[in-house]
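K.L.:
Residue numbers (my numbering): 1424 to 1775.
#1: Check the DSSP bridge columns for residue 1680 and list the partner residues they point to.
#2: Which residue wins for smallest C-alpha separation from residue 1596, given the options 1573, 1556, 1665?
#3: Could you check what DSSP says for residue 1659 in three-state terms: helix, strand or coil?
#4: How would you write the range of the beta strand (DSSP E) that residue 1428 sits in, first residue to last?
#5: In three-state DSSP terms, what is residue 1604?
#6: If you follow the alpha helix (DSSP H) that residue 1772 is in, where does it begin and where does it stop?
#7: Kindly list the residues whose CB is nearer than 6 Å to the CB of residue 1503, restricted to its own chain and excluding five residues on each side of it in sequence; keep chain order.
#8: Report yes if the CB atom of residue 1427 is closer than 8 Å to the CB atom of residue 1510, and no otherwise.
#9: Can you tell me which of the three DSSP states residue 1567 falls into?
#10: Of all the options 1483, 1460, 1477, which has the alpha carbon lying nearest to the alpha carbon of residue 1470?
#11: Please classify residue 1698 as buried or exposed, where buried requires at least 16 other C-beta atoms within 10 Å of its C-beta.
#12: Which whole-angstrom value describes the C-beta separation of residue 1448 and residue 1761, a residue pair presumed to lie in contact below a C-beta threshold of 8 Å?
#13: Taking its Cβ as the centre, do 16 or more other Cβ atoms sit within 10 Å of residue 1438, making it buried, or is it exposed?
#14: Would you kindly report the start and end of the unbroken alpha helix (DSSP H) that includes residue 1499?
#15: Based on Cα-Cα distance, which residue from 1571, 1659, 1635, 1463 lies nearest to residue 1645?
#16: Can you name the start and end residues of the alpha helix (DSSP H) that residue 1734 belongs to?
#17: If contacts are defined as beta-carbon pairs under 8 Å, then residue 1703 and residue 1677 qualify, I think. What distance do you get, rounded to the angstrom?
#18: Quick one: complete alpha helix (DSSP H) runs, 4+ long, within the region 1503 to 1590?
#19: Nearest by alpha-carbon distance to residue 1453: which of 1754, 1772, 1770, 1769 is it?
#20: Are the region 1732 to 1743 and the region 1570 to 1585 touching, with three or more C-beta to C-beta distances below 8 Å?
#21: Mind checking if residue 1686 is an interface residue toward chain D, Cβ cutoff 8 Å exclusive?
#22: Assuming residue 1514 contacts residue 1444 under a Cβ cut-off of 8 Å, what Cβ separation, rounded to an integer in Å, is found between them?
#23: Return the residue from the list 1491, 1560, 1650, 1611 that minimises the CA-CA distance to residue 1636.
#24: On the three-state DSSP scale, how would you describe residue 1671?
#25: Taking residue 1712 as part of the alpha helix (DSSP H), name the residues at either end of that continuous run.
#26: Could you tell me the distance, in whole angstroms, from the CA atom of residue 1775 to the CA atom of residue 1463?
#27: Buried or exposed: residue 1728, going by 16 or more other Cβ atoms within 10 Å of its Cβ?
#28: Assuming residue 1461 contacts residue 1430 under a Cβ cut-off of 8 Å, what Cβ separation, rounded to an integer in Å, is found between them?
#29: Please list, in chain order, all residues of the same chain as residue 1712 whose beta carbon is under 8 Å from its beta carbon, the five residues on each side excluded.
#30: Answer with buried or exposed for residue 1708, where buried requires no fewer than 16 other C-beta atoms within 10 angstroms of its C-beta.
#31: On a Cα-Cα basis, can you pick out the residue from 1545, 1624, 1474, 1550 that is closest to residue 1519?
Here it is in structure tokens:
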């Protein structure tokens, strides 16, 4: 299959969750033998109009992220490429309208990928951009609801979650055992306070915790742990590689999710696959609760006291270092979800 991705900015321009998700998908398709080109602004310095990275071709539509020129040049480039499917990021909207025009010239259906990490503003152009697509893909029901609020019907929206490498989970040697793991960028959305307050309630019990991540509030959280007199049992591990994170999760009994905002709770998913009991503090702007909705090894909580109680209750649940229930999120399984969607939109497109 020939797939054209449209994303004016790549992770080399702006490292966001949505950009990383799109490039992971492009790489997975290329690994499977599909012809994949990402139409973007150039991120390299020399005058060549394309670059190939791990089997994925990056085609420069413009030499820098410029909406007007990107939108003007894109349709002809797509028509020449003649893709089977066009997969576009929602922003900039000019890129969506240009991708739609290119799809008309190439007779290819358009799907829009909206991860949720760029806000939605109420506007007629935004609603029209959504309507250009055969299907709008989101990573969670939380983000899907925001799309539906723009007037897009259910049948034109699809949830495809992020993927993980389940083989990495099974092959990674567990780290030293710990009772509680937490992972998030340590910023104002991490809400580490809830976890620290819960652990402080348990200071008379025997426990250990590992907090993964770095960020502008790390020193504040370390100081708060010291003020609560629990810092001697908490390891602030800083930024860790994926393999290091998986090892910690396989050694941990529980994983606590408290962040205020999560379009898709990717670290929680990795931890659940690594056998952790999931404890999720409900937040209105987080989709984390979706991952444990029907999972027996989990707890929903709403405040630090309930979180403390859940950590204690989790002690009665057996330790695991892997959970096969989450193998359905493996890269290959999620890639098949995309390919099935592409085939469906191709068939639907052929009806018009």
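Glycine included, each C-beta is placed from N, C-alpha and C at the ideal position.
P.N.:
For this structure:
#1: For the purposes of this step, residue 1680 is taken as the residue at position 257 of the chain shown. Beta-bridge pairing links residue 1680 to 1703.
#2: On the chain shown, position 173 is the one that residue 1596 refers to. When each option's Cα is compared against that of residue 1596, the closest is 1665.
#3: Walking along the chain shown from the start, residue 1659 turns up at place 236. Note: residue 1659 maps to strand in three-state DSSP.
#4: As a working mapping, residue 1428 is identified with position 5 in the chain shown. Here the beta strand (DSSP E) through residue 1428 covers 1425 to 1429.
#5: Translated into positions along the chain shown, residue 1604 becomes position 181. It is a strand residue.
#6: As a position in the chain shown, residue 1772 is number 349, starting the count at 1. 1754 to 1772 is the span of the alpha helix (DSSP H), which, as asked, contains residue 1772.
#7: Position 80 of the chain shown holds residue 1503. Hits under 6 Å: none found.
#8: Along the chain shown, read from residue 1 onward, the residue named residue 1427 stands at position 4. Along the chain shown, read from residue 1 onward, the residue named residue 1510 stands at position 87. Taking 8 Å as the Cβ cut-off, residue 1427 and residue 1510 qualify as a contacting pair.
#9: The residue labelled residue 1567 in the question sits at position 144 within the chain shown. Residue state, collapsed to three classes: helix.
#10: Position 47 of the chain shown, counted from the start, is the residue given in the question as residue 1470. For the residues 1483, 1460, 1477, the minimum Cα distance to residue 1470 belongs to 1483.
#11: Your numbering for residue 1698 matches position 275 in the chain shown. Residue 1698 should be labelled buried.
#12: As a first step, residue 1448 is located in the chain shown; it is residue number 25 there, counting from the start. As a first step, residue 1761 is located in the chain shown; it is residue number 338 there, counting from the start. That belief holds up - the Cβ atoms of residue 1448 and residue 1761 are roughly 6 Å apart, short of 8 Å.
#13: The residue you call residue 1438 lines up with position 15 of the chain shown. Burial call: exposed.
#14: For the purposes of this step, residue 1499 is taken as residue 76 along the chain shown, with counting starting at 1. Element bounds for residue 1499: 1490 to 1504.
#15: Locating residue 1645 in the chain shown gives position 222, where the first residue counts as 1. The shortest Cα separation from residue 1645 among 1571, 1659, 1635, 1463 belongs to 1659.
#16: Within the chain shown, the letter at position 311 stands for residue 1734. Segment 1727 to 1737, the alpha helix (DSSP H) holding residue 1734.
#17: Indexing the chain shown from 1 puts residue 1703 at position 280. Indexing the chain shown from 1 puts residue 1677 at position 254. Actually they are not in contact, since the Cβ atoms of residue 1703 and residue 1677 sit about 11 Å apart, beyond 8 Å.
#18: 1516 to 1529, 1547 to 1554, 1564 to 1571
#19: For the purposes of this step, residue 1453 is taken as residue 30 along the chain shown, with counting starting at 1. The option with the nearest alpha carbon to residue 1453 is 1754.
#20: no
#21: Of the protein chains in the structure, only one exists, and it is not chain D.
#22: Here the question's residue 1514 lines up with position 91 in the chain shown. Here the question's residue 1444 lines up with position 21 in the chain shown. Contact doesn't hold; Cβ gap of about 14 Å is too wide.
#23: Position 213 of the chain shown holds residue 1636. Of 1491, 1560, 1650, 1611, the residue nearest in Cα terms is 1611.
#24: What you label residue 1671 is simply residue 248 of the chain shown in a count that begins at 1. Looking at residue 1671 - three-state DSSP - the assignment turns out to be helix.
#25: Walking along the chain shown from the start, residue 1712 turns up at place 289. Where residue 1712 is concerned, the enclosing alpha helix (DSSP H) stretches over 1711 to 1714.
#26: Mapped onto the chain shown, residue 1775 falls at position 352. Mapped onto the chain shown, residue 1463 falls at position 40. With a pLDDT of only 42 at residue 1775, under the threshold of 50, the placement of this residue in the model should not be trusted; the figure read from the coordinates follows. Approximately 29 Å, taken between the alpha carbons.
#27: Looking up residue 1728 in the chain shown gives position 305. Classification of residue 1728: exposed, given that the 10 Å Cβ count is below 16.
#28: Translated into positions along the chain shown, residue 1461 becomes position 38. Translated into positions along the chain shown, residue 1430 becomes position 7. So it is a contact: roughly 6 Å between Cβ atoms.
#29: Along the chain shown, one-based indexing puts residue 1712 at 289. Within the same chain, residue 1712 has close Cβ partners 1703, 1705, 1723.
#30: The count along the chain shown starts at 1 and reaches residue 1708 at position 285. Classification for residue 1708: exposed.
#31: The residue you call residue 1519 lines up with position 96 of the chain shown. Among 1545, 1624, 1474, 1550, the Cα nearest to that of residue 1519 is on 1550.
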